[in-house]
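In this note's numbering, the protein residues as written are 39 to 291.
Notes to accompany the following structure.
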Ligand code: 13P
């Protein structure tokens with residue numbers, strides 16, 4: 039039984055004061071859906087204040103990225119230990135980081151290992167671009183991202199890994215993948231490499247989320263699919279009513 043997880047990726051939105059206000063709105067709205075694991079991922083600067091609002095609550099806090107070195111001369115970066123001080127989760131390999139900030143599969147792998155070593159739960163993102171999708175490369179791309187990103191991990195470490203399938207063309211476009219299409223990619227291209235690397239039990243126990251234009255209106259279609267275990271939500275995670283509807287949809291899965 040895989041417990042559904044709904045994570046809000048707030049991206050580069052909300053000042054610290056605004057993030058605190060959003061956390062205060064979300065807390066009473068979503069705290070009671072016990073069957074669902076709930077996470078919000080504010081910017082680094084807002085994390086301490088949001089974590090303070092959500093402490094002792096059933097809503098986890100995550101970072102949107104982390105660096106792989108422990109400390110030192112890495113201007114602008116944040117270490118796993120610094121993230122762990124306030125967070126239980128970290129998103130790694132988001133397509134926006136890959137496309138705009140140069141995160142390679144090798145860097146993603148280093149970040150995943152460093153985050154796991156410090157005790158964080160990793161939400162590793164994979165997904166193909168529109169051009170890759172249209173040229174029939176989805177399997178090739180997702181398979182490479184899975185194999186390279188998880189290279190060298192143990193089956194034991196996979197207990198703290200969640201995968202998010204986020205087709206790049208569906209992110210922020212209002213053009214979500216079809217639920218059946220997303221489920222097929224997860225079943226055919228995302229679980230099989232995990233089976234090859236870590237065995238069948240691991241491939242069936244790791245949670246795989248869908249991300250890309252998930253809303254309160256379409257979430258239940260995704261959660262009705264057998265291989266989709268929750269959602270990584272961008273835009274709709276900034277809207278308390280929408281995010282609550284998504285958590286609710288996950289709880290009645
Ligand atoms: P949207 O929900 O805004 O499409 O963003 C998805 C996403 O990138 C979450 O990480």
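We treat Cβ as the ideally placed atom computed from N, Cα and C, and that holds for glycine.
Can you tell me whether residue i is buried or exposed? The criterion is at least 16 other CB atoms within 10 Å of its CB, across all chains shown.
{"i": "residue 183", "result": "buried"}
{"i": "residue 295", "result": "Given a span of 39 to 291 for the chain in the structure shown, any question on residue 295 remains unanswerable."}
{"i": "residue 90", "result": "exposed"}
{"i": "residue 75", "result": "buried"}
{"i": "residue 39", "result": "exposed"}
{"i": "residue 60", "result": "buried"}
Shortest alpha-carbon distance to residue i belongs to which of the options?
{"i": "residue 70", "options": "96, 91 and 283", "result": "96"}
{"i": "residue 142", "options": "151, 150 and 131", "result": "131"}
{"i": "residue 214", "options": "246, 179, 260 and 88", "result": "260"}
{"i": "residue 247", "options": "233, 234 and 263", "result": "263"}
{"i": "residue 224", "options": "235, 253 and 165", "result": "165"}
{"i": "residue 193", "options": "163, 177, 243 and 209", "result": "243"}
{"i": "residue 161", "options": "148, 200 and 151", "result": "200"}
{"i": "residue 50", "options": "241, 280, 103 and 202", "result": "103"}
{"i": "residue 117", "options": "41, 156 and 216", "result": "156"}
{"i": "residue 287", "options": "241, 254 and 147", "result": "254"}
{"i": "residue 149", "options": "129, 276 and 176", "result": "129"}
By Cβ distance, which residues of its chain are closer than 6 Å to residue i, with the 5 residues on each side in sequence left out?
{"i": "residue 85", "result": "124"}
{"i": "residue 98", "result": "77, 126 and 127"}
{"i": "residue 63", "result": "278"}
On the three-state DSSP scale, how would you describe residue i?
{"i": "residue 51", "result": "coil"}
{"i": "residue 43", "result": "strand"}
{"i": "residue 247", "result": "strand"}
{"i": "residue 19", "result": "Outside the displayed span of the chain (39 to 291) sits residue 19, for which this structure offers no information."}
{"i": "residue 98", "result": "strand"}
{"i": "residue 211", "result": "coil"}
{"i": "residue 199", "result": "strand"}
{"i": "residue 83", "result": "helix"}
{"i": "residue 176", "result": "helix"}
{"i": "residue 271", "result": "strand"}
Skipping 5 residues on each side, what residues in its chain have a beta carbon closer than 7 Å to that of residue i?
{"i": "residue 167", "result": "206 and 207"}
{"i": "residue 252", "result": "214, 260, 269, 271, 274 and 284"}
{"i": "residue 256", "result": "214"}
{"i": "residue 119", "result": "108 and 156"}
With a CB to CB cut of under 8 Å and the five nearest residues on each side skipped, what residues in its chain are close to residue i?
{"i": "residue 154", "result": "160, 191, 195, 198 and 199"}
{"i": "residue 65", "result": "91, 92, 95 and 97"}
{"i": "residue 147", "result": "186, 187, 188, 189 and 190"}
{"i": "residue 115", "result": "105 and 107"}
Looking at chain B, is there any beta carbon in it that lies within less than 9 Å of the beta carbon of residue i?
{"i": "residue 55", "result": "Here there is only one protein chain, and chain B is not present."}
> Do the region 42 to 55 and the region 265 to 285 meet, that is, are 3 or more Cβ pairs less than 8 Å apart?
Replying inline: yes
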